[in-house]
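*Asks:*
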Amino acid sequence: MSVYILCLVLFCVGLHCVLRKRNIIKIIIGLGIIEYAVNLFFVLTGYRAQGRAPILARDQEILNMVDPLPQALVLTSIVIGLAVTALIVAIAIRIYEKYGTFDITQIRRLRG
Amino acid sequence: MTLPIFVIIPLGAAFLISLLGKRVKYVADILANLGALSLFTFSLYSIVSISTKGVIVYKMGGWMPPIGIAMVLDGLTVFMLVTVNLVSLVVTLYSVNYMQKYTDKWKFYTLFMLMLAGMNGVVITGDLFNLFVFLEIASIASYALVAFGTEAEELEASFKYAVMGSVASTFVLLGIAILYSYTSTLNMADMSLTLSRGASGYLVNFVAVLFLMGFGLKAALVPFHAWLPDAHPSAPAPISAMLSGVLIKSLGVYALARVLYNVFGMNIVFSNILMFLGALSMMVGVLLAIAQFDLKRLLAYHSISQIGYVVLGLGLGTPLGILGGLFHLFNHSIFKSLLFLNSGAVEYAAGTRDLNSMGGLNQKMPVTGATSFIASMAIAGIPPFNGFFSKLIIIFAAAEAGRMGYAFSAVVASILTLASFMKVQKLAFFGTLNESLEKIKEVPLLMRLSMIILALICVAGGLLIVPFFRTFLQSAVDTLLSGKSYADAVFGAIK
Chain A
1219 MSVYILCLVL
1229 FCVGLHCVLR
1239 KRNIIKIIIG
1249 LGIIEYAVNL
1259 FFVLTGYRAQ
1269 GRAPILARDQ
1279 EILNMVDPLP
1289 QALVLTSIVI
1299 GLAVTALIVA
1309 IAIRIYEKYG
1319 TFDITQIRRL
1329 RG
Chain B
233 MTLPIFVIIP
243 LGAAFLISLL
253 GKRVKYVADI
263 LANLGALSLF
273 TFSLYSIVSI
283 STKGVIVYKM
293 GGWMPPIGIA
303 MVLDGLTVFM
313 LVTVNLVSLV
323 VTLYSVNYMQ
333 KYTDKWKFYT
343 LFMLMLAGMN
353 GVVITGDLFN
363 LFVFLEIASI
373 ASYALVAFGT
383 EAEELEASFK
393 YAVMGSVAST
403 FVLLGIAILY
413 SYTSTLNMAD
423 MSLTLSRGAS
433 GYLVNFVAVL
443 FLMGFGLKAA
453 LVPFHAWLPD
463 AHPSAPAPIS
473 AMLSGVLIKS
483 LGVYALARVL
493 YNVFGMNIVF
503 SNILMFLGAL
513 SMMVGVLLAI
523 AQFDLKRLLA
533 YHSISQIGYV
543 VLGLGLGTPL
553 GILGGLFHLF
563 NHSIFKSLLF
573 LNSGAVEYAA
583 GTRDLNSMGG
593 LNQKMPVTGA
603 TSFIASMAIA
613 GIPPFNGFFS
623 KLIIIFAAAE
633 AGRMGYAFSA
643 VVASILTLAS
653 FMKVQKLAFF
663 GTLNESLEKI
673 KEVPLLMRLS
683 MIILALICVA
693 GGLLIVPFFR
703 TFLQSAVDTL
713 LSGKSYADAV
723 FGAIK
């Protein structure tokens, strides 16, 4: 149970980082933390106590293995997270070229 | 009919365009238009095949569906496919001339086709995690497309959109993780079966809230709407048309409706929440729109308001309400993309988006003026046009369900919409010609053609509720109304 609570704490740290920080690089890091918290949670849902890796071997009988599907799904979601992060970092670099700052309170040309 | 074709064609087109687009002239234009045309043809063909064969399930890689990934073609899917591919065909036609002013047009088409692949994938998939993957493909392509001009405002809007969009996606993923850990399946039909064998109400409600946040942000419902008025006006006009016309609907409204109706089963709590959010979006969107003087920003706020109508209709849960909601979804995708294409045409010819520096454009741009007049009347709900019928159905449905307050707010929002578009017409297209606009010309042929096509659909759109054409809408309504027997339909089609 405590591991799920730690997962929630990690999620809240990320959310705090996205909502409260002024530096856009820190916001991007916060997004990464949120993603990792959710990925961690997803992997944990497939865990069984004393479970072994779900690898089929010829001469072994598998009695107690963890669920392999969340692991496969999390791999996909990590790749998606990488794409999002790469794109946002590229946008952040362009924003720095245009505005000369990473401070989100000074990047405010859109109004209304 | 093989269903993956709706994903393969745009993905293949994106690949070929990125490979050849830089080297061979015009190949990007031709490939994108051919791709969009063939997708539209296939989606029209799918209307025929669903009416003869019923629900079609494609087993990806030959694996049986609860284990493998399934693609499902049912009434709602066909309806969304036709809407998405119709708008995208018109928009690619329009982009041929409009995107000339940007460098690297082939990059635009590559991203556009990726976004289209994501949207078609979201609509056609029968697997919840697969839906998430396609949702992310469409979202990432749209973040990049919003920033396509790489001006300061565009980058700012794209950053805002990307941060909010990826937080929303994580909520969706969290919801999927919780559902998977409870049901041990990812197939939506199988999930619905497992949940109906007795799920704890807390779990379903918690996941429903997560999905409401995630998909609601993609659909720009009011508490989650802050990104839309920045992102939609900043994108190039064809992309604004795609984003407002179909992206918020296929990623937001469709996904939300599919999950709430067919996986969880609709109940009175979800229904009340959806109706409240819909009515709130309707009023807030139109009140914020009425004060705007930037043409595209005004249109973006109206998107929020019109999405409110769709969600109100879907939230009512009665057959008439769902019919009105889905009909309005189709109509809105037509007239809102037309309005954004009009604003793009004005920007192309006159180089401005500010309503105060326009005036008398009807004299110089008759086609743009006439089509935008038709679209404005359609969005405001003036009788012969399509918007009138769908709004009328929604208002009747709300009154029939005894929700007089919601019916009244729908009428008020409609009047305010009319006022707001009277302002647009008066300032931009009627009146005396602004002196600075003496030398402008009407836009090129392909742009005019695409606007005329959409205007014709606006005029003829009301015919969709005539009994002969009604099966197209009615089969989508029946899919949602059938609720949890969606699972029986899918498993019945596998055999």
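Those sequence lines, one after another, are chains A and B.
Residue numbers for the first sequence follow our numbering, beginning at 1219 and rising by one.
Residue numbers for the second sequence follow our numbering, beginning at 233 and rising by one.
The beta-carbon is built from N, C-alpha and C at its ideal position, and this holds for glycine as well.
For clarity, every value in this text was computed on a predicted model and none was experimentally measured.
1) Following the continuous alpha helix (DSSP H) through Val491(B), name the residue where it begins and the one where it ends.
2) Using beta carbons (cut-off 8 Å, strictly below), is Val656(B) in contact with chain C?
3) Per the contact definition of three or more C-beta pairs closer than 8 Å, is the segment 705-714 of chain B in contact with the segment 487-497 of chain B?
4) Do Cys1235(A) and Ile1245(A) count as a contact pair if the criterion is CB distance below 8 Å?
5) For Thr402(B), which residues in chain A fall below 7 Å Cβ to Cβ?
6) In chain order, what residues of the same chain have a beta carbon less than 6 Å from the beta carbon of Val304(B), not counting five sequence neighbours either side?
7) With a CB to CB cut of under 6 Å and the five nearest residues on each side skipped, what residues in its chain are close to Ser327(B)?
8) Is there a C-beta anywhere in chain A that falls below 8 Å from the one on Tyr326(B)?
9) Determine the chain B residues that contact Phe1259(A) at a beta-carbon separation under 8 Å, and present them in chain order.
10) What are the residues in the segment 1306-1318 of chain A lying within 8 Å of chain B by C-beta distance?
11) Ends of the alpha helix (DSSP H) at Lys291(B)?
12) Are Ser565(B) and Val478(B) close, meaning C-beta to C-beta below 8 Å?
13) Shortest alpha-carbon distance to Asn317(B) belongs to which of Leu548(B), Leu519(B) and Ala349(B)?
14) Kindly give me the distance between the Cβ atoms of Lys450(B) and Ile480(B), rounded to whole angstroms, as I take these residues to be in contact under 8 Å.
15) Closest by CA to Gly540(B), which one among Ala523(B), Ser569(B), Phe567(B) and Leu512(B)?
16) Between Tyr533(B) and Pro615(B), is the Cβ-Cβ spacing less than 8 Å?
17) Residue range of the beta strand (DSSP E) that Val304(B) falls in?
18) Which class does Arg429(B) belong to by DSSP, given the choice of helix, strand or coil?
19) Are Phe661(B) and Phe605(B) close, meaning C-beta to C-beta below 8 Å?
20) Would you kindly work out how many angstroms separate the C-alpha atoms of Leu1226(A) and Ser707(B), rounded to a whole number?
21) Would you mind stating whether Leu360(B) and Met423(B) have Cβ atoms separated by less than 8 Å?
22) On the three-state DSSP scale, how would you describe Arg1270(A)?
23) Given this structure, state the Cα-to-Cα distance separating Ala440(B) from Gly407(B), to the nearest angstrom.
24) Indicate whether at least one CB of chain B lies closer than 8 Å to the CB of Ser1295(A).
25) Since Leu387(B) meets chain A, which of its residues come closer than 7 Å, beta carbon to beta carbon?
26) What are the boundary residues of the alpha helix (DSSP H) that Lys339(B) is part of?
27) Return the residues of the segment 633-664 of chain B that lie within a Cβ-Cβ distance of less than 8 Å from chain A, sorted by chain order.
28) Tell me whether the segment 619-632 of chain B and the segment 663-683 of chain B touch, counting them as touching only if at least three CB pairs, one residue from each stretch, are closer than 8 Å.
29) Count the other CB atoms within 10 Å of the CB of Leu266(B); is the residue buried (16 or more) or exposed (fewer)?
30) Please report the residue range of the alpha helix (DSSP H) in which Glu1315(A) lies.
31) So Asn453(B) and Val543(B) are supposed to be a Cβ contact under 8 Å. How far apart are they, rounded?
32) Checking 8 Å against the spacing of the C-beta atoms, do Leu573(B) and Ala473(B) come in under that value?
33) Of the choices Leu1305(A), Ile1280(A) and Ile1223(A), whose alpha-carbon is the least far from that of Ile1243(A)?
34) Excluding the five sequence neighbours on either side, which residues of its own chain have a C-beta within less than 8 Å of the C-beta of Ile282(B), listed in chain order?
35) Can you find the residues in the same chain that come closer than 6 Å, C-beta to C-beta, to Ile685(B), ignoring five residues on each side of it along the sequence?
36) Taking the continuous alpha helix (DSSP H) assigned at Val238(B), which residues delimit it?
*Replies:* Once the coordinates are examined:
1) No alpha helix (DSSP H) holds Val491(B); DSSP gives it neither H nor E.
2) Here the protein chains are A and B, and chain C is not one of them.
3) They touch, by the three-pair rule.
4) Yes; because the gap between Cβ atoms is below 8 Å, this pair is in contact.
5) Using a Cβ-Cβ cut-off of 7 Å, Thr402(B) is close to Ile1252, Glu1253 and Val1256 of chain A, given in chain order.
6) Only Val289, Gly358 and Val722 meet the Cβ criterion.
7) Only Pro470 meet the Cβ criterion.
8) Contact with chain A is absent for Tyr326(B), since none of that chain's Cβ atoms lies less than 8 Å from the residue's Cβ.
9) Proximity of chain B to Phe1259(A) at the Cβ level (cut-off 8 Å) is accounted for by Leu406 and Ala409, in chain order.
10) Answer in chain order: Ile1306, Ile1309, Ala1310, Arg1312, Ile1313, Lys1316 and Tyr1317.
11) Careful: Lys291(B) lies outside any alpha helix (DSSP H), inside the beta strand (DSSP E) at Ile288 to Lys291.
12) The answer is yes: Cβ separation under 8 Å.
13) Cα-wise, what sits closest to Asn317(B) is Ala349(B).
14) The Cβ separation is near 7 Å, so the contact holds.
15) Restricting attention to Ala523(B), Ser569(B), Phe567(B) and Leu512(B), the CA atom closest to the CA of Gly540(B) is found in Leu512(B).
16) In this structure, the beta-carbon distance from Tyr533(B) to Pro615(B) does not fall below 8 Å.
17) Per DSSP, Val304(B) belongs to the beta strand (DSSP E) from Ala302 to Leu305.
18) Residue state for Arg429(B) is assigned as coil, using DSSP reduced to three classes.
19) Against a cut-off of 8 Å, the Cβ pair of Phe605(B) and Phe661(B) comes out as a contact.
20) Going by the C-alpha atoms only, they are around 42 Å apart.
21) Their beta carbons are under 8 Å apart, which means Leu360(B) touches Met423(B) by this criterion.
22) Note: Arg1270(A) maps to strand in three-state DSSP.
23) If I take the Cα positions, the gap works out to 8 Å.
24) Ser1295(A) counts as touching chain B.
25) Chain A residues near Leu387(B): Ile1309, Arg1312, Ile1313 and Lys1316.
26) Residues Lys337 to Ile356.
27) Per Cβ criterion, the list is empty.
28) Touching, no.
29) With fewer than 16 other Cβ atoms within 10 Å, it is exposed.
30) Pro1286 to Tyr1317 is the span of the alpha helix (DSSP H), which, as asked, contains Glu1315(A).
31) The sequence given here places Leu at residue 453(B); Asn does not occur at that position. Sure, about 6 Å apart at Cβ, within 8 Å.
32) In this structure, the beta-carbon distance from Leu573(B) to Ala473(B) falls below 8 Å.
33) The shortest Cα separation from Ile1243(A) among Leu1305(A), Ile1280(A) and Ile1223(A) belongs to Leu1305(A).
34) Cβ within range, chain order: Ile288, Leu305, Asp306, Gly307, Val310 and Ser707.
35) Answer for Ile685(B): Val322, listed in chain order.
36) According to the sequence shown, residue 238(B) is Phe rather than Val. Per DSSP, Phe238(B) is one residue of the alpha helix (DSSP H) stretching across Ile237 to Leu252.
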